[in-house]
Each structure stands twice: as C-alpha cells, then as structure tokens.
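These protein sequence lines are chains V and A, in that order. Residue numbers are given in UniProt numbering: position 36 of the first sequence equals residue 36, and the series is strictly consecutive. Residue numbers are given in UniProt numbering: position 168 of the second sequence equals residue 168, and the series is strictly consecutive. Below you'll find the structure, written out as structure tokens, and then a few comments.
Protein chains: 2
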Amino acid sequence: MIETGAEPESRAERKLRTRRAILDATLELSTDSSLTALSLRQVAKQVGIVPTAFYRHFDSIESLGLALVEESFDSLRDLFRDVRRNAQADKDIVDGSIDALVDHVHRRRDHFGFIARERVAGPRSVREAIRHEIELCERELATDLALMSGTDTWTAKDLHVLSSLFVTVLVATAEQILSTTRPEQEAQIVATVRTQLRMLLIGVYQWRSEA
Amino acid sequence: MIETGAEPESRAERKLRTRRAILDATLELSTDSSLTALSLRQVAKQVGIVPTAFYRHFDSIESLGLALVEESFDSLRDLFRDVRRNAQADKDIVDGSIDALVDHVHRRRDHFGFIARERVAGPRSVREAIRHEIELCERELATDLALMSGTDTWTAKDLHVLSSLFVTVLVATAEQILSTTRPEQEAQIVATVRTQLRMLLIGVYQWRSEA
DNA sequence: CCTTTCAGTGAACATCTGTACACCGACAAC
DNA sequence: GTTGTCGGTGTACAGATGTTCACTGAAAGG
C-alpha cells in the first residue's frame, strides 16, 4: 500500500470536510442557473452522500446560500485589501485596482459568479444578505476615499455616492469578465473600464461638494 | 345575459391571447427566482391551460424566455426614445434621463426585472440574447452621444466606452429601483445616481481622446 | 470497557416534473 | 355542407423532488 498521507482525522474534521464538499459542489452546480433552480438531491449526488445526510450540515438550500454569501464576501474583501495595498504602493490607482480585480476574479471565479447571480436571482434572504454586504463594502471604500488627496472638502454623502459608483462599476466589470473566456475579449473589457475610470477620475478631481 | 362585449374572436386572435397570457404568467411567476427555476407546469396552471397546451405556443421554457427578451427590450428601447426626446427638449440631460428611467422602470417593472435577472441567471441562450441586445443599446447610445456638444473630437472607441459606462449605471440603477418599494429609499437612489452622473459629466466635458 | 453521540445510510412517501399519445370540437377553407 | 386544421383536453408514465423515519457503526467520553 502506498502511504497517501491519509491522516487519522477526527470526527469534527470529517464533518468539516463534507461541509466543504457541499459548499464546493454547490458552487460548481450553480455556475449556470441559480440557487433557486438547484435541488438538494443534486448537491448530495455531486458530493457523494445520501440526500438526507445534507440535513446534518444545513437545513435548506437557502441557509447553504447564506453560508456561501459569507464565504464569497471574504474573497471580495481580499480584493479590497489588495486594491488598498496597490494604492499605497507606487502603482497607478486605476491600473492597480483593475489588476487586483482581474486577478481576484480569476482566482475565485466561483465566488464572484455566485455573488453576481444570487444578488438578483437568489432566494430573498440571500439577496438581502448580499445587498447588505455590498452596502458594507461601499462604506468601507468611502472611508478609504476620504483619505485620498483632493477629497478633503467632500461631504460624507458625496464620498458614499462616489464609493457606490465605484462599486457599481467594479461589479459590472466582474460580471463581464466572468461572462467571457476569450483572453482578447477580456483585454478589451479591461481596456474599456480603464478608460471609464479615467474619465470618471477627471470629474472627481474637479468636484466640489455643495454645502 | 349581460353583454360583456365579448367579441366573436377569430381563432388567430384566441391563440394570440393565450400566448400573451403565457408571457404574462411567466413574468409574474419569475419575479423572484428565475426562468431556470420555473416549470412548464407552473406556467400552465397560472394561465389556466393544461400542461401539454403549452407546446402549441413554445417548445420549451427557454424559447419562451427568448420571446420575453425581445418583448422586454422593446420596453428598454422605449426608454431610450424618451431619454432622447427629453434631451432634445429644454430639460437638463441628467434629470431628464433619470426621470425617463424611473418612469419606465415603474411602468414595466416586470420587463426590467426580467432582464436584470435573466441577464446573469437565465439559460445560456437567454443570457446571450440579452448580452447581444445590450450591445446594440450601447451602440445606439454611442451614436447619440456623438451628436452631443463637446464630443466632436472624440474617437469612436471612446464614444462606445462612455456609452457602455452609461448603460452600466443605467442597469445598476434600474436594479436598485426594482429592489425597493419604499418611496423614500427610491428617492435616495435617484439622488445618488443624479450626483454620480454629474460627477461623470464633469470628466466627460474635459475629456480629450488620444490619437 | 461500556455507553453515548452523531455523520451518514436506505427505504418509503406524496408530490411535482417533462413529455408522449389519442382525442375533441369549433373555426376555416373549399 | 363537407372536410381539414389546430388550440386545447385528459390520461398516462418514468423520473426527480423534499422530507420522514428507523438504522448503523465508528469515534468520543466516561
């Protein structure tokens, strides 16, 4: 027998592993369509467990979805962290942000795709959870923007408005990248959003908040 | 017997009527979830026909979806027409466009919601059809933008880039309006996008295309 | 060692799914 | 007035669905 490094594995570890398998299977099975079109039995079959075993981990597809929302937004927060890091380095803020975006979307295609889909087509509670998380992201970005040069005279409201616009463009760009597999088309998308952000930044540098 | 104005109605008219009923039922049933989670039998029940009768009009939910894409984009083109009309009138271009957007989203909540959902979560062919239609909208808007003052020196590419950004913001705004029913929250959304477009327009007026 | 815990099993259920088929009856065409 | 067309009906079937229940067997805890 070849030692495959199969650890003894405690019961808790096993449970965690099938939980992971369920999450992964769900992400894979919902790459087209949506959570609402996904059956508990499909997931179970993909994982290799019997349907009823599903209930040991989640009590419905919906609560499974909520778990995936949390997980997916961890990925998105990673992206934010990298954008911030690029901004603090010498990198151009537009190029640095886009690089980080493209990189993270490639790395966690499943998570970003999940958010894009369930944001509009998922179960109500999932949609609301995503909406809430995005709201948090916008707030977080707004506080970052406040530290940018040129925004010292801005009102808090305007900062949030701008932040929300950035997030909108970010989400839309992620969706577009996800919808293609051809590299030259992706390059096109990236070039487009690059120009868009530059156009926008010109406006931002000239903006003066009204009292 | 009360004369209810029931016309004799030819066979073709009858057929068209149930076809309409199927389309309407589908829009209503898919307001949450998505086409992919919708069964032929649900639609048939909602319409009040037997499941097999469905096949007299469409040969699958998917082809039904394609019909709804066409119909929904008629609504969207109506919106574009109104935006153009407002722009030609004395109205402020930002306020005029937003007014038209809000108005049309309210009037055809079903169509805009359908596009928003199926764009990312529908069957592949439906997603592609929507992507294609949006592409056409962007091109159409780009030619309009070319007539705007200040864009005479712009390259065709930059015009399309800007057009695409406008459409992105438009779609995102429509999605937000759709996701709320509270009027004060909608007012908030409208105020936000208003500011966003004004920020963007400042950039646009200063933009000079590179050779 | 003995007992408890508990992730996973397997059979059973009522219900829903898409689709095939033969059929009907009112309108249309001749 | 006869015939054909064609929306819509009703039955039927094989398969998928969520959920129930009693179960097993190995790890955990005493």
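All residues carry an ideal CB built from backbone N, CA and C; glycine is no exception. Here the structure is a predicted model, which is why all the values come from computation and not from measurement.
Candidates the options, of which the one nearest residue i by Cα
| i | options | result |
| --- | --- | --- |
| residue 192(A) | 116(A), 94(A) and 57(A) | 94(A) |
| residue 25(A) | 61(A), 70(A), 12(A) and 13(A) | 61(A) |
| residue 31(A) | 16(A), 116(A) and 206(A) | 116(A) |
| residue 73(V) | 56(V), 154(V) and 138(V) | 138(V) |
| residue 148(A) | 19(A), 205(A) and 57(A) | 205(A) |
| residue 18(A) | 171(A), 114(A), 43(A) and 34(A) | 43(A) |
| residue 210(V) | 98(V), 153(V), 134(V) and 33(V) | 153(V) |
| residue 220(V) | 81(V), 15(V), 202(V) and 85(V) | This structure cannot speak to residue 220(V), because chain V is shown only from 1 to 211. |
| residue 83(V) | 136(V), 21(V), 170(V) and 133(V) | 170(V) |
| residue 33(V) | 10(A), 106(A) and 126(A) | 126(A) |
| residue 131(V) | 203(A), 180(A) and 50(A) | 180(A) |
Interface flag, residue i vs chain V, CB-CB below 8 Å
| i | result |
| --- | --- |
| residue 188(A) | no |
| residue 202(A) | yes |
| residue 206(A) | yes |
| residue 161(A) | yes |
| residue 120(A) | yes |
| residue 168(A) | yes |
| residue 165(A) | yes |
| residue 36(A) | yes |
| residue 67(A) | no |
| residue 124(A) | yes |
| residue 109(A) | no |
| residue 11(A) | no |
| residue 175(A) | yes |
Min CB distance residue i to chain A below 8 Å
| i | result |
| --- | --- |
| residue 75(V) | no |
| residue 172(V) | yes |
| residue 32(V) | yes |
| residue 138(V) | no |
| residue 195(V) | yes |
| residue 199(V) | yes |
| residue 158(V) | yes |
| residue 4(V) | Residue placement at residue 4(V) is poorly supported in this model, since its pLDDT is 41, which falls under 50; the coordinates still yield a value, given next. With 8 Å as the cut-off, residue 4(V) does not count as an interface residue toward chain A. |
| residue 192(V) | yes |
| residue 116(V) | yes |
| residue 182(V) | no |
| residue 70(V) | no |
| residue 179(V) | yes |
| residue 41(V) | no |
| residue 14(V) | no |
Close beta carbons around residue i, own chain, < 7 Å, minus the five adjacent residues each side
| i | result |
| --- | --- |
| residue 36(V) | 121, 122 and 123 |
| residue 151(V) | 145 and 159 |
| residue 79(A) | 100, 101 and 104 |
| residue 166(V) | 141 |
| residue 29(V) | 38, 42, 43 and 46 |
| residue 21(A) | 47 |
| residue 113(A) | 31 and 178 |
| residue 190(V) | 98 and 102 |
| residue 133(V) | 69 and 73 |
| residue 40(A) | 51, 54 and 61 |
Same chain, Cβ closer than 6 Å to residue i, five either side skipped, listed in chain order
| i | result |
| --- | --- |
| residue 159(V) | 142, 145 and 146 |
| residue 13(A) | none |
| residue 75(A) | 108 and 111 |
| residue 4(V) | Because residue 4(V) sits at a pLDDT of 41, beneath the cut-off of 50, its placement in the model cannot be relied upon, and the point is left open. |
| residue 164(A) | 138 |
Status (buried if at least 16 other CB within 10 Å, exposed otherwise) for residue i
| i | result |
| --- | --- |
| residue 108(A) | buried |
| residue 69(V) | buried |
| residue 196(V) | buried |
| residue 173(A) | buried |
| residue 182(A) | exposed |
| residue 57(V) | buried |
| residue 162(V) | buried |
| residue 111(V) | buried |
| residue 168(V) | buried |
| residue 176(V) | buried |
| residue 184(A) | exposed |
| residue 10(A) | exposed |
| residue 81(V) | exposed |
| residue 136(A) | exposed |
| residue 156(A) | exposed |
| residue 119(A) | buried |
| residue 129(A) | buried |
Contact set for residue i: own chain, Cβ-Cβ below 8 Å, skip 5 residues either direction
| i | result |
| --- | --- |
| residue 23(V) | 64, 67, 68 and 71 |
| residue 92(V) | none |
| residue 194(V) | 94, 95 and 98 |
| residue 89(A) | 96 |
| residue 208(V) | 153 |
**Report entry** Ranges of the alpha helix (DSSP H) found wholly within the stretch 31-81 of chain A, counting only runs of at least 4
**Finding:** 40-47
Query - Ranges of the alpha helix (DSSP H) found wholly within the stretch 90-149 of chain A, counting only runs of at least 4 - result: 93-107, 109-121 and 124-146
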